[in-house]
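Residue numbers (my numbering): 276 to 572.
C-beta: ideal position from N, C-alpha, C; glycine also.
Keep in mind the model is a prediction, meaning the values are calculated, not measured.
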Amino acid sequence: MYVYLNGKIVPAKEAVVSVFDHGFLYGDGIYETMRGYNGVLFKLDEHLRRLHRSASLIGLTIPMDISHLKISIYETLIANSLRNAYVRLTISRGRGSVGLDPDLCPSPTVVIFTQEFKEYPSAFYRNGISLIIAETKRNLKEAINPQIKSLNFLNNILAKIEAKKKGAYEAIMLNVHGKIAEGTISNVFFYRDKVLCTPSTDCGLLDGITRGMVIELAGREDLKVKEGKFTKKDIYSAEEVFITNTTMEVMPVSKIDEQRYPVGNISKLLRKIYRQEVEACITNTKAEGPSIWGEKG
Ligand code: PMP
276 MYVYLNGKIV PAKEAVVSVF DHGFLYGDGI YETMRGYNGV LFKLDEHLRR LHRSASLIGL
336 TIPMDISHLK ISIYETLIAN SLRNAYVRLT ISRGRGSVGL DPDLCPSPTV VIFTQEFKEY
396 PSAFYRNGIS LIIAETKRNL KEAINPQIKS LNFLNNILAK IEAKKKGAYE AIMLNVHGKI
456 AEGTISNVFF YRDKVLCTPS TDCGLLDGIT RGMVIELAGR EDLKVKEGKF TKKDIYSAEE
516 VFITNTTMEV MPVSKIDEQR YPVGNISKLL RKIYRQEVEA CITNTKAEGP SIWGEKG
């Protein structure tokens, strides 16, 4: 396995970051997770745009431009001969002496690692997964803006620990006002009374790229979509629930706490058209010209 580290692609065991890196010391940094399908990175521009937003929200200057980042990601995939891949791009504040001041770090650390994409078990999609509503509340957006995709994940990890203790796969986090925010690594949707509902960004959540796409696809199917403020009670009384993220795509939910849900037609439809969108993106990207893989079409 090869890893991109600060401008070089090196064997994984040489990809080492300093113990004085502020990403390690303070969680000071940002990241993106992307998915490669058959050699094409899906929604790459959107992920890199969000990376830049995260960087600007923490006052970090990314030491390379977007096209250089893109090339580096593809070069890392090629070095690992990967087509269906999990891709993680991490940029930390970099190495510096002890102290919170970002100016202690002269240059950010940039890491790209890729792995063969490990599919979720097909039973998850067939039967749905089990969730809980966590006691741990989502960070107050006025304290740490969840739109910063930061290396600081303890808030979500605490909720994930709660889920694991209860034998659930994912936890839904409420905000401090008792409104649904998001999952620990996902956005939440539910269908009720012919309306597809999802928490609005002012509930304090990361505006997932998959979430954005699902809203767009639902609109194309003439489904009514409501972004708003929802409570536990609203989701308990839903007819269908699913969660979304880059790696899971559209994942049906069969249970939240003691409440059960079928894997319904809306979840199935959105999953299907999401997949069609992925296939179309692969075809179009390849049709744009010789791909980075040196193939035609
Ligand atoms: N919320 C959180 C907290 C996440 O970590 C993720 C995964 N990046 C998401 C939502 C979903 O975002 P996306 O659809 O862009 O993967």
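* **Beta bridge counterpart(s) of GLN534 as assigned by DSSP** => BP columns for GLN534 point to ILE531.
* Pairwise C-alpha distance: VAL373 and VAL525 -> VAL525 and VAL373 have their alpha carbons spaced roughly 42 Å apart.
* Would the beta-carbon of ILE284 be found less than 7 Å away from any heavy atom of the ligand PMP? -> It does not: the Cβ of ILE284 is nowhere closer than 7 Å to a heavy atom of the ligand PMP.
* Asked: So what's GLU496 in DSSP terms, helix, strand or just coil?
  -> GLU496: coil per DSSP, three-state reduction.
* **ASP296 versus LYS543: straight-line alpha-carbon distance, rounded** => Pairing ASP296 with LYS543, the inter-Cα distance amounts to about 44 Å.
* Could you tell me how far apart the beta carbons of GLY282 and LEU426 are, in whole angstroms, since I believe they sit closer than 8 Å? => Under the criterion of beta carbons closer than 8 Å, GLY282 and LEU426 do not qualify as touching, at roughly 20 Å.
* To do: Run the CB neighbour count on PHE429, radius 10 Å, all protein chains shown included, and call it buried at 16 or more, exposed below.
  => With the sequence shown as reference, residue 429 is identified as Leu, and Phe is not the correct amino acid for it. LEU429 is exposed by the Cβ-count criterion.
* **Whole-angstrom distance between PRO377 and ARG328, CA atom to CA atom** => Rounded to whole angstroms, ARG328 to PRO377 spans 17 Å at the Cα level.
* Helix, strand or coil for GLY374 per DSSP? -> GLY374 sits in coil when the DSSP states are folded into three classes, being neither helix nor strand.
* Asked: Start and end of the beta strand (DSSP E) containing GLY305?
  -> Sequence inspection shows Ile at residue 305; the Gly mentioned does not correspond to that position. That run of the beta strand (DSSP E) goes 304-312.
* Asked: Between the region 330-343 and the region 403-412, are three or more C-beta pairs nearer than 8 Å?
  -> Between the region 330-343 and the region 403-412 there are fewer than three C-beta pairs closer than 8 Å, too few to call the two in contact.
* Asked: Near ALA493, what residues of its chain come up, given a Cβ to Cβ distance below 7 Å and the 5 sequence neighbours on each side ignored?
  -> Within the same chain, LEU471, VAL500, LEU545 come within 7 Å of ALA493 by CB-CB distance, once the 5 residues on both sides are set aside.
* Pairwise C-alpha distance: GLN390 and ILE341 -> Each residue's Cα considered, the two are about 22 Å apart.
* On the premise that THR485 lies in contact with THR521, defined as a C-beta separation below 8 Å, what is that separation, rounded to the nearest angstrom? -> With 8 Å as the limit, THR521 and THR485 qualify as a contact, their Cβ atoms being about 6 Å apart.
* Around the Cβ of ALA513, are there at least 16 other Cβ atoms within 10 angstroms (buried) or fewer (exposed)? -> Within a 10 Å sphere around the beta-carbon of ALA513 sit 16 or more other beta-carbons, which makes this residue buried.
* Asked: Should GLU457 be counted as a contact of the ligand FMN given a C-beta to heavy atom distance under 7 Å?
  -> Looking at this structure, you won't find the ligand FMN anywhere; what it does contain is the ligand PMP.
* Whole-angstrom distance between ASP532 and LEU481, CA atom to CA atom -> In a straight line, the C-alpha of LEU481 is about 23 Å away from that of ASP532.
* Excluding sequence positions up to five away, which residues of its chain have a Cβ less than 7 Å from the Cβ of ILE510? -> Here the set comprises ILE455, PHE465, VAL516, ILE531.
* To do: Thinking TYR312 and ARG363 are a contact (beta carbons under 8 Å), I'd like their distance in whole angstroms, please.
  => With 8 Å as the limit, TYR312 and ARG363 do not qualify as a contact, their Cβ atoms being about 16 Å apart.
* To do: Tell me where the beta strand (DSSP E) around ILE341 begins and ends.
  => No beta strand (DSSP E) contains ILE341, which is instead part of the alpha helix (DSSP H) from 341-354.
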